[in-house]
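*Asks:* Take a look at the following structure, please.
Residue numbers (UniProt numbering): 1 to 323.
Now the structure itself:
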């Protein structure tokens, strides 16, 4: 066993302490690489280590067996209203996938800034880090963006109800595409996540990234969706793909009594003012198998008339999340 001899006779404050080790050392200290240190910390049970998320490499020749093209899109804007606010940055990451929801390779990436017609609000700069100086004389390359979008079978956004209206207001290339929403069409709670914000999903997946920049957010979402792709449990992307294809119905409680609005709102109905082409009424989107029960509720509790026949439409991924 090693001995530790400390000599400190009449030592003054600030003098060196001499430490002498005697006897053979049982083991030498070995250098740790990053992964070894991470494993050591995590195995202690006292630490969780986040790894920096690095975007996947773009391949020139994608692997066979993944015939579909998906494009993840993210926008940064001057505000929340697509009819008055503008896109100041757009990011897109194209990747291959198969009908089973397995992700193949990244085949293209685009990120671009655009100068808006008004100064960027200070709160937007604080949120995104994008300044007026950064976007000065910048313009999104529509041709490069179209090269990614045109072959896409599915466009994905984390909150498609926000991004799709802005994208379609920006360019018609986004119209006529099937869209999916990774907020609404994945049951994140069942997968053990505590929230649906991208930052939560990334952190609980064991990563951190440079958030609120469009391309970085696209790559981050791709990794969260891929998850343990190929494991026994379907990935979040496989769930998203399946959910986006299922049959849904929208019921419009047109001409419902005004004093019933609180009942409708409490049940999940939303108000449409008619400016977007929908009927001016409260409405809800539900699964096809819930249609009979919902109509029964409206007829007995809202209209109180068994012959009531509110408008019903069946949206697909091609018109879901439109403005």
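Even glycine gets a Cβ: it sits at the ideal position worked out from N, Cα and C.
Note that the structure is predicted; figures quoted are calculated from it, not measured.
Based on the DSSP output, what are the partners of residue 181 in its beta bridges?
*Replies:* Bridge partners of residue 181: 157.
*Asks:* Is the beta carbon of residue 64 within less than 6 Å of some heavy atom of the ligand NAD?
*Replies:* No copy of the ligand NAD occurs in the structure displayed, which carries no ligand at all.
*Asks:* Hey, would you say residue 139 sits closer than 7 Å to residue 114, going by beta carbons?
*Replies:* Against a cut-off of 7 Å, the Cβ pair of residue 114 and residue 139 comes out as a contact.
*Asks:* Do you know whose CA, among 76, 58, 65 and 137, lies nearest residue 107's CA?
*Replies:* Selected option, being the one with the closest Cα: 58.
*Asks:* Give me the Cα-Cα distance between residue 250 and residue 72, rounded to the nearest whole angstrom.
*Replies:* One C-alpha to the other measures close to 26 Å.
*Asks:* Whole angstroms are fine: how far does the CA of residue 168 sit from the CA of residue 175?
*Replies:* Approximately 6 Å between the Cα atoms of the pair.
*Asks:* Does DSSP put residue 117 in a helix, in a strand, or in coil?
*Replies:* Here residue 117 sits in coil by DSSP.
*Asks:* Taking the CB atoms as reference points, tell me whether residue 74 and residue 214 lie closer together than 7 Å.
*Replies:* Yes, these two residues count as a Cβ contact at 7 Å.
*Asks:* Do residue 237 and residue 221 have their C-beta atoms within less than 7 Å of each other?
*Replies:* No, these two residues do not count as a Cβ contact at 7 Å.
*Asks:* Which runs of the beta strand (DSSP E) spanning at least 3 residues fall entirely within the region 79-132, listed in chain order?
*Replies:* List check, beta strand (DSSP E) in window: 87-97 and 103-113.
*Asks:* Can you confirm whether residue 97, when its beta carbon is compared against all beta carbons of chain D, has any partner nearer than 7 Å?
*Replies:* Looking at the structure shown, chain D is missing, and only one protein chain is on hand.
*Asks:* So, residue 119 versus residue 99, is the Cβ gap smaller than 7 Å?
*Replies:* It is not a contact, given that the beta carbons lie outside the stated cut-off.
*Asks:* Leaving out the 5 sequence neighbours to the left and right, which residues in its chain are closer than 6 Å to residue 141 when beta-carbon positions are compared?
*Replies:* Contacts found: 112.
*Asks:* For residue 65, tell me which candidate among 210, 160, 102 and 299 has the shortest Cα-Cα distance.
*Replies:* For the residues 210, 160, 102 and 299, the minimum Cα distance to residue 65 belongs to 102.
*Asks:* Could you check the C-alpha separation between residue 78 and residue 87 for me, to the nearest Å?
*Replies:* Each residue's Cα considered, the two are about 7 Å apart.
*Asks:* Can you give me the C-alpha to C-alpha distance between residue 163 and residue 196, rounded to a whole angstrom?
*Replies:* Their Cα atoms are separated by approximately 16 Å.
*Asks:* Sort out for me which residues DSSP pairs residue 75 with in a bridge.
*Replies:* The partner list for residue 75 (beta bridge, DSSP) reads 90.
*Asks:* Which partner residues does residue 312 have in the DSSP bridge list?
*Replies:* According to DSSP, which records beta bridges pairwise, residue 312 is partnered with 251.
*Asks:* Using the beta-carbon count (16 or more within 10 Å), is residue 255 buried or exposed?
*Replies:* With fewer than 16 other Cβ atoms within 10 Å, it is exposed.
*Asks:* Once the 5 residues before and after residue 357 are set aside, which same chain residues still bring their CB inside 6 Å of it?
*Replies:* The displayed coordinates of the chain run from 1 to 323. Any statement about residue 357 would go beyond what the structure contains.
*Asks:* Among 205, 301 and 244, whose alpha-carbon lies nearest the alpha-carbon of residue 48?
*Replies:* Checking every option, the nearest Cα to that of residue 48 belongs to 205.
*Asks:* Short of 6 Å in beta carbon distance, which residues of its chain neighbour residue 285, apart from the five on each side in sequence? Order them along the chain.
*Replies:* Excluding positions up to five away in sequence, the list reads 248 and 250.
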